[in-house]
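Participant: Questions regarding the structure given below will be posed in turn.
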Amino acid sequence: MSTAALSPGPGVLAGRYGFAHVLRMEWIKLRSLRSTWWALFTVVAGMIAMGVVTMANTKAPSADKAATFDPTNNVLAGVALGQLVIGVIGVLLVTGEYSSGSMRSTLAAVPRRPLVLAAKAAVFGGVTLVLSEVVAFLTFLVGRAALDPAIEQPSLTDGGVLRAVLMSGAYLGLIAVMAVGIGALVRHTASAIGVLVGLLFVVPAMLAGATGTTVAKFFPTMIAGNSLAVSRPMPEMLTPWAGFALLLVYTAVVYAAGVRVLVRRDA
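So for the sequence shown, the UniProt record's numbering puts the first residue at 1; every next one is plus one.
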């Protein structure tokens, strides 16, 4: 994925630009990349398809499991796919500029480097947040229709359901910002994607196999699946709000590290 080198906008003198000009520049870059929109379409289609398939295969719980039965968690299973695609896009938005050399032009047009990364995170994070919230609600509504008629359909008015849907969409928005930070921190596409996949999938899976949920529950994917996307709290897992707060901390730390590297290293 490569991007065109763009100036902040017509009529903007060197050193006289503001955040709005940099936002406009990054929005033009994002809008002009067809691959980004196709990838985001994959997120929409994949999340809806996984929600429908999962709900269609959801069976009525046995009596001993009825208290913990949570079809809302099932219908939001596609978040796992969404985070991977969105994460890769976010990484490429930064590393693609480094690999093509256009980052030098970007930083020449906008010497205030923190503004560059802030604009990238704001544009991609904002687009992702809006899209993810829409698709989370759409997935819920379409997916529950595929549920066996013998099973009571979950409703947005049920306790914890609306919060689970909203938090699932917000989670993908945070992943977008975190991925931009990882891209700035690592810079090399393959390495950055490796870090992303390791953080989201490999490390928590290894920890879950070795120690159960004791440590793995603190990793993003486990938080998303077992703390955020649930209408009924799961035992031994973080509460929804504690999990969301930890995700905010992760995002802030990774993003701040990306800003620091961007400022201190040559393009």
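Virtual Cβ for every residue (Gly too), placed ideally from N, Cα, C.
Nothing here was measured: the structure is a model prediction, and the numbers come from that model.
Using the three-state DSSP reduction, which class does Val261 fall into: helix, strand or coil?
Facilitator: The count along the sequence shown starts at 1 and reaches residue 261 at position 261. Helix.
Participant: Looking only at its own chain, which residues have a Cβ that is under 7 Å from the Cβ of Leu138, when we skip the five neighbours before and after it?
Facilitator: As a first step, residue 138 must be located in the sequence shown, where it is residue number 138. Answer for Leu138: Ile48, listed in chain order.
Participant: Relative to the alpha-carbon of Ala245, which residue among Ser105, Arg265, Phe219, Arg31 has its alpha-carbon at the smallest distance?
Facilitator: Counted from its first residue, the sequence shown places residue 245 at position 245. Nearest option by C-alpha distance: Phe219.
Participant: List the whole-angstrom C-beta distance separating Ala205 from Gly125, where the pair is believed to meet the contact cut-off of C-beta under 8 Å.
Facilitator: On the sequence shown, residue 205 is found 205 positions in, with the first residue counted as 1. On the sequence shown, residue 125 is found 125 positions in, with the first residue counted as 1. About 26 Å separates the two Cβ atoms, so there is no contact after all.
Participant: Could you tell me the alpha carbon to alpha carbon distance between Ala20 and Arg113, rounded to whole angstroms?
Facilitator: Numbered from its first residue, the sequence shown carries residue 20 at position 20. Numbered from its first residue, the sequence shown carries residue 113 at position 113. Cα to Cα, the separation comes out at about 14 Å.
Participant: Output the distance between the C-alpha atoms of Thr128 and Leu30, rounded to the nearest integer angstrom.
Facilitator: Here residue 128 is taken as the residue at index 128 of the sequence shown, counted from 1. Here residue 30 is taken as the residue at index 30 of the sequence shown, counted from 1. If I take the Cα positions, the gap works out to 12 Å.
Participant: Can you give the Cα-Cα distance for Asp158 and Val186, rounded to whole angstroms?
Facilitator: The sequence position of residue 158 within the sequence shown is 158, counting from 1. The sequence position of residue 186 within the sequence shown is 186, counting from 1. Straight-line Cα distance between these residues: approximately 43 Å.
Participant: At which residues does the alpha helix (DSSP H) containing Asn73 begin and terminate?
Facilitator: Position 73 of the sequence shown holds residue 73. Its alpha helix (DSSP H) spans residues 71-75.
Participant: Considering Cα atoms alone, identify which of Met178, Thr213, Val165 is closest to Val249.
Facilitator: Counting from one through the sequence shown, the residue named residue 249 turns up at place 249. Of the candidates Met178, Thr213, Val165, the one whose C-alpha sits nearest the C-alpha of Val249 is Met178.
Participant: Determine whether the beta carbon atoms of Leu81 and Met55 lie at a separation below 8 Å.
Facilitator: Numbered from 1 along the sequence shown, position 81 holds the residue referred to as residue 81. Numbered from 1 along the sequence shown, position 55 holds the residue referred to as residue 55. Going by C-beta atoms, Leu81 is not nearer than 8 Å to Met55.
Participant: For Phe140, is the classification buried or exposed, using 16 other Cβ atoms within 10 angstroms of its Cβ as the cut-off for buried?
Facilitator: For the purposes of this step, residue 140 is taken as the residue at position 140 of the sequence shown. With 16 or more other Cβ atoms within 10 Å, it is buried.
Participant: Taking a contact to mean a Cβ-Cβ separation below 8 Å, would you say Ala257 touches Val91 in this structure?
Facilitator: The sequence position of residue 257 within the sequence shown is 257, counting from 1. The sequence position of residue 91 within the sequence shown is 91, counting from 1. Result no, Cβ atoms of Ala257 and Val91 do not sit closer than 8 Å.
Participant: Under the rule that 16 or more other beta-carbon atoms within 10 Å means buried, what is Thr72, buried or exposed?
Facilitator: Reading the sequence shown from its first residue, position 72 is the one you call residue 72. The residue is buried, with at least 16 neighbouring Cβ atoms inside 10 Å.
Participant: So, helix, strand or coil for Met234, using DSSP?
Facilitator: The sequence position of residue 234 within the sequence shown is 234, counting from 1. Met234 falls in the coil class under three-state DSSP.
Participant: Within 10 angstroms of the Cβ of Asp70, are there 16 or more other Cβ atoms? Answer buried if so, exposed if not.
Facilitator: Your numbering for residue 70 matches position 70 in the sequence shown. Buried, by the Cβ-count rule.
Participant: Should Ser231 be labelled buried (16 or more other beta-carbon atoms within 10 Å of its own) or exposed?
Facilitator: Locating residue 231 in the sequence shown gives position 231, where the first residue counts as 1. So Ser231 counts as buried.
Participant: Between which two residues does the alpha helix (DSSP H) holding Lys65 run?
Facilitator: What you label residue 65 is simply residue 65 of the sequence shown in a count that begins at 1. No alpha helix (DSSP H) holds Lys65; DSSP gives it neither H nor E.
Participant: Short of 8 Å in beta carbon distance, which residues of its chain neighbour Leu166, apart from the five on each side in sequence? Order them along the chain.
Facilitator: For the purposes of this step, residue 166 is identified with residue 166 of the sequence shown, where counting begins at 1. Excluding sequence neighbours, Leu166 sits near Glu133, Ala136.
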